[in-house]
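Peer 1:
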Amino acid sequence: MPVPDPPVTGVPSDPNEAVTPARPSRLDPAIAAMLRRSPDGLVAAVVRAHDSGEVLMVAWMDDEALHRTLTTGRATYWSRSRREYWVKGATSGHHQYVRSVALDCDGDALLVSVDQVGAACHTGHRTCFFTELPVTTPEALP
């Protein structure tokens with residue numbers, strides 16, 4: 177049974193309090209220096225299936241969520257609505273076991289390759305990207 181991380185101090189308990197990029201973290205400073213965060217201290221995490229490359233979902237990480245992901249092998253995210261960390265599958269059983277994490281060229285997005293157990297989407301779908309939109313392209317395009 178996994179042992180939960182100790183609480184991280186400095187995370188606001190009041191949901192109306194502003195979140196700054198300076199939430200305490202144990203992330204390696206060399207990795208932290210490569211990140212280009214949003215004003216609320218977050219980096220987009222695009223999650224794909226390791227075996228097929230299928231895009232499963234998009235979530236958000238701050239420095240501490242990335243640290244936990246890199247050091248536990250379990251995908252950990254920052255919930256913007258609940259204002260807390262969550263480990264994918266902790267309540268649903270639909271776990272994500274991390275195989276690799278890559279940082280994009282600008283440092284503002286992560287690509288997380290996972291072994292997905294069960295559905296990735298909270299709706300029960302394998303992927304969050306199940307709604308196709310109509311695309312109209314000019315005739316001249318290949």
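Residues in the sequence shown are numbered from 177 upward in steps of one, following the numbering used here.
The beta carbon of each residue, even a glycine, is placed where N, CA and C say it ideally should be.
Treat the numbers as computed from the prediction; the structure is a model and nothing was measured.
Any contact between the region 303 to 311 and the region 278 to 289? By contact I mean 3 or more CB pairs, one from each, below 8 angstroms.
Peer 2: no
Peer 1: Between which two residues does the beta strand (DSSP E) harbouring residue 232 extend?
Peer 2: Sequence index remark: in the sequence shown, residue 232 carries index 56 (1-based). 231 to 237 is the extent of the beta strand (DSSP E) around residue 232.
Peer 1: In the DSSP assignment, what are the bridge partners of residue 224?
Peer 2: Translated into the one-based positions of the sequence shown, residue 224 becomes position 48. Paired residues: 231, 289.
Peer 1: Can you tell me where the beta strand (DSSP E) holding residue 278 begins and where it ends?
Peer 2: The residue given as residue 278 occupies position 102 in the sequence shown. Its beta strand (DSSP E) spans residues 272 to 279.
Peer 1: Looking at C-alpha atoms only, which residue of 230, 217, 227 is the closest neighbour of residue 241?
Peer 2: In the sequence shown, counting from the first residue as 1, residue 241 sits at position 65. Nearest of 230, 217, 227 to residue 241, Cα basis: 217.
Peer 1: Is residue 240 helix, strand or coil when you go by DSSP?
Peer 2: Your numbering for residue 240 matches position 64 in the sequence shown. The answer is helix: DSSP assigns residue 240 an H, G or I state.
Peer 1: On the premise that residue 208 lies in contact with residue 239, defined as a C-beta separation below 8 angstroms, what is that separation, rounded to the nearest angstrom?
Peer 2: Position 63 of the sequence shown holds residue 239. Position 32 of the sequence shown holds residue 208. Confirmed, about 5 angstroms.
Peer 1: Using CA atoms only, rank isn't needed, just tell me which of 281, 200, 298 is closest to residue 268.
Peer 2: Stepping through the sequence shown from its first residue, residue 268 is reached at position 92. If we check each option's Cα against that of residue 268, 298 comes out closest.
Peer 1: CA-CA distance, residue 211 and residue 253?
Peer 2: Position 35 of the sequence shown holds residue 211. Position 77 of the sequence shown holds residue 253. C-alpha of residue 211 to C-alpha of residue 253: approximately 15 angstroms in a straight line.
Peer 1: Going by the beta-carbon positions, is the gap between residue 272 and residue 234 smaller than 8 angstroms?
Peer 2: As a first step, residue 272 must be located in the sequence shown, where it is residue number 96. As a first step, residue 234 must be located in the sequence shown, where it is residue number 58. Contact flag unset, no.
Peer 1: Considering only the alpha carbon of each residue, which of 227, 302, 205, 204 lies closest to residue 270?
Peer 2: Along the sequence shown, one-based indexing puts residue 270 at 94. Comparing Cα positions, the closest option is 302.
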